[in-house]
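Taking it in order: structure first as structure tokens, then the write-up.
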Amino acid sequence: MTHDVFISYSTKNTEHAEAIYERLENNGIKCWFAPENIGTATNFAEEIMLGLKPCKVVVLVFSKDAQASEYVNNEVAAAFDEKKHIVPIKVDDSFPEGRMEFYLSNTQWLDASPSALKKDEKTIEDCYNHLVNDVKGVLAKIEGGSEIDLDDDDENGNVVIPRQEKGFFEKYKMPIIALVIVLIAVVGFVAYSGMNSDSSSTDKNETGIDIGYVGVEDNGGGSYSYYVFGTISDGLSNSSKDVIHIDYYNEDGKIIDSSDTKIGEEDGNILGSIDTDKKDVSKVSLQLKNNDKVIYKVDSDNIIEQ
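Here the sequence shown is numbered in this note's numbering, starting from 1141 and rising by one per residue.
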């Protein structure tokens, strides 16, 4: 037997599901309803999917218990994937969340919750009857090949709650996409400008020279050694005349000493060093020079006392 309607519900809402099933069947609408169509010795999940596939409409008895039911969530997900028309009837005051909200975001609801019934002076029987009329209308449009407009006015006087406001991303999807495009363009422009800027700029460390730290060693007798540890990217310098010039500053910002190391003559990761009687070195400034012309510059105040 071919069924037109699949009824999805939590077993905690069986009373509502049975009432809906009886009314739909009494109006000549063939329904797939688990208690009537699943035997005791069958694969439950497999039978559900076999029952769902031929149905044109899925009536969802929605409640907080349905929201929490893995079976109901799977049934609604399958109905969504199969592009079935989902007709939810809400029987309590809860609202869909998470994936259920996603699946039901474009559906029109029949609100049979206690608060709605009280507000509109309706009975649950009124809602059941309205649901039957809704399902009849949907099936007629499907069989007639008509498009179902979810924004049509409710011709049957149904107690219909408005679709919930779209989530943040859906509501602001186009502005967000536009913003992302602008950000990508800005980042791309900055990166391009950086690559094509004057390589003699002394304001930024665009060189591949990285000062890890500056170590100080107390040699005793008022003598101190300062070592500038760092790395230089391969291919940074292409001239044997390039020199790593380092100025060493005290706390007052005055240069107290300097060191020069030719490219290729660094002592491992030591880019430069000095021996001095000054203990107040607080900052160093590194410059890559070629014939006294500053090619690159980077500063560091990362002094580590050893």
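A virtual CB, placed ideally from N, CA and C, is assigned to each residue, including glycine.
Every alpha helix (DSSP H) of 4 residues or more that sits fully in the stretch 1242 to 1283 is shown, in chain order, as 1254 to 1260. The DSSP assignment places no complete alpha helix (DSSP H) segment of no fewer than 4 residues inside the stretch 1378 to 1414. Close CB contacts of Q1427 within its chain, under the 6 Å cut and outside five residues either way in sequence, are with H1385, V1434 and K1437 (chain order). D1439: not part of any alpha helix (DSSP H); member of the beta strand (DSSP E) spanning K1433 to S1440, first to last residue. P1228 and G1284 have their alpha carbons spaced roughly 22 Å apart. For N1177, the enclosing alpha helix (DSSP H) starts and ends at A1174 to N1177. Inter-residue distance for I1372 and G1355 is about 18 Å (C-alpha atoms, whole angstroms).
Proximity to N1153 across V1197, P1175, V1201 and P1236 peaks at V1201, based on C-alpha coordinates. Contact between M1189 and A1208 does not hold, since their C-beta atoms are separated by about 21 Å, which reaches or exceeds 8 Å. Counting the other Cβ atoms within 10 Å of the Cβ of A1252 gives 16 or more, which makes it buried. Taking the Cα positions, A1157 is about 7 Å away from Y1149. Residue burial annotation: M1240 is buried, with at least 16 other C-beta atoms found within 10 angstroms of its C-beta.
The Cβ-Cβ distance between I1410 and V1368 falls below 8 Å. Annotation for G1362: no beta strand (DSSP E) segment contains it, and DSSP assigns it neither H nor E.
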